[in-house]
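Structure, as structure tokens:
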Amino acid sequence: MSIDASRLMAMRTAILEQNSALQRAAGLSGAPGTGAAEGGAAAAGFGDALRNAIGQVNEMQAQSSAVTEAYERGETTDIAAVMLARQQASIGFEATLQVRNKLLTAYRDIMNMPV
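Numbering of the sequence shown is given in the numbering used here, commencing with residue 34 and proceeding in unit increments.
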């Protein structure tokens with residue numbers, strides 16, 4: 034299976050257009066472009082989004098621990114709030130693991146592609 038350079042460039046352009054459309058829909062970006070600067074901005078945007086998501090999961094884990102400890106010390110009696118915080122933290126962590134697994138699979142697939 035050979036890779037056609039024109040098809041690869043067309044796919045790249047389509048991906049960049051979709052990315053800029055998503056950014057415009059989210060209100061993040063202005064003018065679309067296809068230069069190297071946009072590729073760097075997209076990578077930084079993805080990195081920032083991933084960093085923020087991991088930070089939110091970490092915050093949920095810390096909040097869950099704090100609420101659990103407060104319940105164990107008898108400072109709060111709302112078991113529903115404790116269980117809700119624990120479940121939110123658990124679901125956030127599981128989602129993070131699934132994203133990590135998908136990224137690793139995509140990385141392996143890309144690395145195994147013939148050039």
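For every residue, glycine included, the Cβ atom is placed at its ideal position computed from N, Cα and C.
Own chain residues within Cβ distance below 7 angstroms of Arg119, not counting five before or after: Ser97 and Thr101
Query raised in the report: Is it right to say Leu113 is buried, meaning 16 or more other beta carbons lie within 10 angstroms of its own, or is it exposed?
Result: With the sequence shown as reference, residue 113 is identified as Ala, and Leu is not the correct amino acid for it. Here Ala113 is exposed: its Cβ has fewer than 16 other Cβ atoms, across all protein chains shown, within 10 Å.
Query raised in the report: Can you give the beta carbon distance from Met93 to Ala122, rounded, assuming they're within the 8 angstroms contact cut?
Result: 4 angstroms
From the DSSP output, in three-state form, read off Val115 for me. helix
Where does Val148 land, buried or exposed, given buried means 16+ other C-beta within 10 angstroms? exposed
Taking just the CA atoms, how far does Ile48 sit from Thr129? 24 angstroms
Neighbour-count burial assignment, Val90, 16 or more Cβ in a 10 Å radius:
buried
Exercise. Hey, how far is the Cα of Thr109 from the Cα of Ala103?
Worked result: In a straight line, the C-alpha of Thr109 is about 6 angstroms away from that of Ala103.
* Just the C-alpha distance for Ala43 and Gln51, rounded to the nearest angstrom, thanks. => 12 angstroms
**Request:** Could you give the DSSP three-state label for Val132: helix, strand or coil?
**Result:** helix
>> Using the three-state DSSP reduction, which class does Thr109 fall into: helix, strand or coil?
In response: coil
For a test of the three-state rule: what should DSSP assign to Gly125, helix, strand or coil?
helix
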